[in-house]
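K.L.:
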Amino acid sequence: MNGNHAELAIAISSLNKWYGTFQVLKNIDLQIAARERIVVCGPSGSGKSTLIRCVNRLEEHQGGNISVNGIALNDSARNLDAIRRDVGMVFQNFNLFPHLTVKENCALPQILSRGTKRKDAEELAMHFLTKVRIPEQADKYPGQLSGGQQQRVAIARALCMTPKIMLFDEPTSALDPEMVKEVLDTMIALAEDGMTMIVVTHEMGFARKVADRVVFMEAGEIVEMASPQEFFDSPKSQRTKKFLGDIMH
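The numbering used here applies: residue 1 is where the sequence shown begins, and numbers increase by one.
1. With DSSP as the reference, identify every bridge partner of D169, one or two as the case may be.
2. For V87 and R152, what's the separation of their Cα atoms in angstroms?
3. Can you tell me whether Q62 is buried or exposed, with buried defined as 16 or more other CB within 10 angstroms of its CB?
4. Helix, strand or coil: which one does DSSP assign to G88?
5. From R208, K17, E59, pick the residue whose C-alpha is nearest to that of F231; which is it?
6. Does DSSP put D75 in a helix, in a strand, or in coil?
7. Quick test of your reading: K103 and A125, contact by CB under 8 Å. State the CB separation rounded to the nearest angstrom.
8. Does the Cβ of D176 have 16 or more other Cβ atoms within 10 Å, making it buried, or fewer, making it exposed?
9. Kindly indicate which three-state DSSP category Q149 falls into: helix, strand or coil?
10. Who are the Cβ neighbours of N2 in its own chain at under 6 Å, not counting the five residues just before and after it?
11. What would DSSP say about H5, mapped onto helix, strand or coil?
12. Could you give the distance in angstroms between the alpha-carbon of I155 and the alpha-carbon of R239?
13. Measuring straight from C-alpha to C-alpha, what distance separates M248 and K241?
14. Which complete beta strand (DSSP E) runs does the stretch 7 to 52 hold, if anything under 3 residues is left out?
15. According to DSSP, simplified to helix, strand and coil, what is N65?
16. Could you spell out where the alpha helix (DSSP H) holding M187 opens and where it closes?
17. Taking the beta strand (DSSP E) that F216 belongs to, which residues open and close that run?
18. Verify whether the separation of the beta carbon atoms of L129 and A138 is less than 7 Å.
19. Taking I165 as the reference, give the member of A226, F216, L108, M187 with the closest Cα.
20. To which residues of the same chain is S237 closer than 8 Å at the C-beta, ignoring the five residues directly before and after it?
21. Leaving out five residues on either side along the sequence, give the residues of the same chain with a beta carbon under 6 Å from the beta carbon of L30.
22. Can you tell me which residues form a DSSP beta bridge with M225?
Right under this line is the structure:
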C-alpha cells in the first residue's frame, strides 16, 4: 500500500453473513486506504458482490464490523445516511429511469436527496456526462443508447452525488464485448483521478492495469490478496492458480 494513502477509507473486520443457514461471507478482513483501487475477483457465487453490497448496506451483515471513512456501519440511520453520501455504486444492470432523459437521470437524485437546485443539478450532470464522454446524449432517453453508453450514464449519475468511494458490481458483465472497452476506459480515467474504488469484475486486463491490489475470493472467503504483479505472475494458492488457468483460456 502506498505510504501517502495512510488514511483508511473502508475497514472490514471479521465480516460474516448468512442467507438462512448458508454462510455467504466467512470472516472477511479487508482494509482499503483512501485513493486505493481494489479489484475483487473469483468464481461465480464466491460472495464478491455480496461483500461490496454490505459496504453501503444494500445487504445486511450479521457479524463483524464495517466502517467507512471512520463512520461505523450499524443500526444508526444517521450513520447509514452519512456512509451512503460518501459511497457511489454502479451495478451490472444500469438501473436508469427509462422515462427520464439522460440529463434528468443524473440531475434528479441530486434534487431529491440533496435538495440541489435544478439548474445546479443539471450543470453538474453535464459536467460528469462530459467526463464520461457522452454530453451529446444528454437529452436522449436510456432506451435510445447502447449498453455501453447507458453504463457510462450510470457512472456519471453516481459521480453527480460526489462520492469519495465508488463500488462497481460487475459493471461490464451485461455488455456486448465491443462495449466493454468504453466502460473500462471510463473507469480507468476515474482511477487516474484518484477515486477510491472497489471493482468486482472478471476483466483481468483491467485488474492488471488499474488495481493496487487484487483480492481473490472463493466460497465466501478471501483466499489471496496481492499486487497485480504478484497475483498474476506468482499466485500462491492452488485455488488462485486454477481460477486464473480457467479464466485465461
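We put the CB at the ideal spot given by N, CA and C, even for glycine.
P.N.:
Taking the definition as stated:
1. V200
2. 17 Å
3. exposed
4. strand
5. R208
6. coil
7. 5 Å
8. exposed
9. helix
10. For N2, the pLDDT reaches just 45, beneath the cut-off of 50, and the residue's location in the model is therefore unreliable, although a value from the coordinates is still provided. Here the set comprises nothing.
11. Below a pLDDT of 50, predicted positions are generally treated as unreliable, and H5, at 46, falls in that range; no measurement from the model is reported.
12. 33 Å
13. 11 Å
14. 8 to 19, 22 to 33, 37 to 41
15. strand
16. 177 to 192
17. 213 to 218
18. yes
19. M187
20. F216, V223, E224
21. I12
22. V215
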